[in-house]
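A quick write-up on the structure given underneath.
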Amino acid sequence: MAPVALSGQFVSKIKPATGSLSVVYIKSSFYSTDGRPNLAAYKRGTGGRASFNGVVATVFGCTGFLGRYVCNKLGKNGTQMILPYRGDFYDANRLKVAGDLGQVLFTPYDIRDEESIAKSMQYSNVVINLVGRDYETKNFKYMDVHVEGPRRIARIAREMGVERFIHVSYLNGSDTPKPLVLRRPSMYKISKYLGECAVREEFPMATVFRASDIYGAEDRFLRSFASKFRINGKFLPLYKNGLETVKQPVYVSDVAQGILNALRDPDTKCQVYQAVGPKRYLLADLVDWFYALMRKDEKWGYVRYDMKYDPIFFPLKVMLVNLISPAYPLGGLHWESIEKEATTDVVDENLPTLEDLGVTLTEMENQVPWELKPFRAHQYYMDKIGEFPKPPNPKVHNI
């Protein structure tokens with residue numbers, strides 16, 4: 001007689017073909033190991049931070065830029081969070097206050113260790129994958145982080161009986177990207193595309209977000225331009241002077257809200273959403289506006305030009321930055337980042353966006369001045385009211 005599999009426990013199962021013994025985990029959010037209802041899994045409370053909404057979410061990449069915003073929004077809605085981390089625990093420890101007492105739990109993991117991954121999602125009904133890398137290191141290449149890692153996480157999530165899987169990808173990912181600055185196709189774009197395909201192969205019901213450049217506090221979009229390592233003194237080189245690159249940046253809180261809204265709606269399963277902002281701009285207009293907000297306009301000495309007119313100094317600066325800080329490119333100054341910077345955001349009109357998830361998108365004109373305020377020239381100068389007029393907003397590129 002075959003053994004009876006009770007919900008939420010490990011059972012032994014003999015494979016008929018080989019006769020070998022395997023261990024299978026039968027999971028359910030609402031039943032305990034003895035078959036009785038698991039009261040701890042039911043919703044309780046009136047909603048909000050001090051409640052439990054019935055969702056136990058494992059957030060991979062929780063300590064990253066987007067991950068911190070996602071955890072904050074999950075905690076406000078009474079979600080219990082399992083936060084896997086690697087390296088120093090104190091990098092993740094500050095997320096403890098994102099949720100109520102006892103609702104935020106931590107576990108160490110390695111993206112190559114299947115046992116630690118399975119342990120982190122053992123009691124979860126939702127898994128969110130935000131793991132990504134802008135640059136390669138000696139230990140982790142793009143294929144490791146963007147393809148093999150997500151494939152492994154998605155496969156284990158399916159085997160563990162996870163109900164919802166959300167994966168954040170890249171808007172301009174492609175298997176055959178056209179090189180712009182690099183001499184070869186961008187491995188960042190290729191790996192992001194292949195990673196999305198791998199997730200959908202392993203977890204067909206997954207919800208995918210294709211994000212454009214995300215800006216916000218501690219981002220790598222606004223702050224890469226504001227960094228002293230990105231600008232040559234007062235001269236800023238751009239691919240084709242920024243006149244052939246169109247961007248549609250999105251605010252980080254809007255992406256996090258879109259992920260939260262997708263969790264609440266079961267109709268978002270198998271869907272692909274484009275996480276883009278409400279307006280499109282020429283990169284040249286955006287960068288000029290950024291420096292005007294930082295009070296570093298033409299009077300200050302700011303000059304924007306085509307990087308092809310700087311064939312020696314600019315590559316030498318990239319090399320110098322990587323020699324000074326090989327583990328972390330200062331100012332995001334590396335060739336894959338510049339390739340991504342030169343890429344025009346292509347939006348598919350047939351795919352839904354964050355607005356289809358009920359997100360009210362934040363306009364850059366309302367948020368960017370606050371983000372760039374700490375980077376103003378002569379920061380400690382006490383200016384008078386009206387001494388520095390507000391710079392005009394960048395032109396909207398409708399094409």
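Numbered per UniProt numbering, the sequence shown spans residues 1 to 399.
Each residue gets a CB set at the ideal place from its N, CA and C atoms; glycine is no exception.
Tell me which residues share the same chain as residue i and place their Cβ nearer than 6 Å to its Cβ, disregarding the 5 neighbours each side in the sequence.
i: M205; result: K269 and C270
i: E341; result: none
i: N72; result: A98
Residue i to residue j, Cα distance in whole Å?
i: D285; j: S325; result: 31 Å
i: Q80; j: V56; result: 5 Å
i: L361; j: A217; result: 17 Å
i: A226; j: V287; result: 9 Å
i: E196; j: V131; result: 12 Å
i: L323; j: N139; result: 17 Å
i: A98; j: C62; result: 11 Å
i: L83; j: P392; result: 43 Å
i: P394; j: L243; result: 13 Å
i: R133; j: H146; result: 8 Å
i: M364; j: E371; result: 10 Å
i: R94; j: P315; result: 38 Å
i: Y142; j: R68; result: 22 Å
i: Y239; j: H167; result: 30 Å
i: F375; j: D383; result: 15 Å
i: V272; j: G75; result: 25 Å
i: F60; j: Y85; result: 8 Å
i: L260; j: L101; result: 21 Å
i: R223; j: L330; result: 11 Å
Do you know whose CA, among the options, lies nearest residue i's CA?
i: E202; options: T176, A217 and R151; result: R151
i: E159; options: I117, G332 and E387; result: I117
i: F165; options: G386, L263 and Y193; result: L263
i: A211; options: T344, A50 and V396; result: T344
i: Y90; options: P249, L357, G102 and T107; result: T107
i: V199; options: S174, R155 and N232; result: R155
i: F235; options: V276, Y302, P249 and Q103; result: Y302
i: residue 400; options: Y381, H334 and L351; result: Here the chain covers residues 1 to 399 and nothing more, so residue 400 does not appear.
i: P177; options: V162, S169 and Y193; result: Y193
i: Y380; options: M294, V127 and E148; result: M294
i: T46; options: V59, G258, T58 and G78; result: G78
i: R280; options: K390, L105, L222 and V246; result: V246
i: K119; options: V368, I153 and V104; result: I153
Would you mind sorting residue i into buried or exposed? The rule is 16 or more other CB atoms within 10 Å of its CB.
i: T207; result: buried
i: N125; result: buried
i: P311; result: exposed
i: N129; result: buried
i: R184; result: exposed
i: A50; result: exposed
i: F313; result: exposed
i: T137; result: exposed
i: M319; result: exposed
i: W289; result: buried
i: R44; result: exposed
i: F388; result: exposed
i: A292; result: buried
With DSSP as the reference, please indicate the residues paired to residue i in a beta bridge.
i: Y215; result: Y251
i: Q274; result: R210 and T353
i: Q80; result: V56
i: H167; result: N129 and V208
i: residue 400; result: Only positions 1 to 399 of the chain appear in the structure, and residue 400 is not among them; the question remains open.
i: P329; result: None; P329 has no bridge partner.
i: V70; result: Answer is none; V70 lacks a bridge partner.
i: Y305; result: P237
i: L282; result: V246
i: N232; result: F235
i: R44; result: F52
Please return the same chain residues whose Cβ sits closer than 8 Å to the Cβ of residue i, not counting the five positions on each side in sequence.
i: F65; result: I214, G216, E218, D219, R220 and V252
i: V346; result: L171 and N172
i: G48; result: K76, N77 and G78
Less than 8 Å separating the Cβ of residue i from some heavy atom of the ligand SAM?
i: G358; result: Annotation note on the ligand SAM: not contained in the displayed structure, which lists no ligands.
Does the beta carbon of residue i come closer than 9 Å to any beta carbon on chain B?
i: I190; result: You won't find chain B in this structure, because it holds only one protein chain.
By Cβ distance below 7 Å, which residues in the same chain neighbour residue i in space, the five residues on each side in sequence not counted?
i: G149; result: I111 and V131
i: Y305; result: F235, P237 and N241
i: G258; result: F209, Y273, A275, L354, L357 and V359
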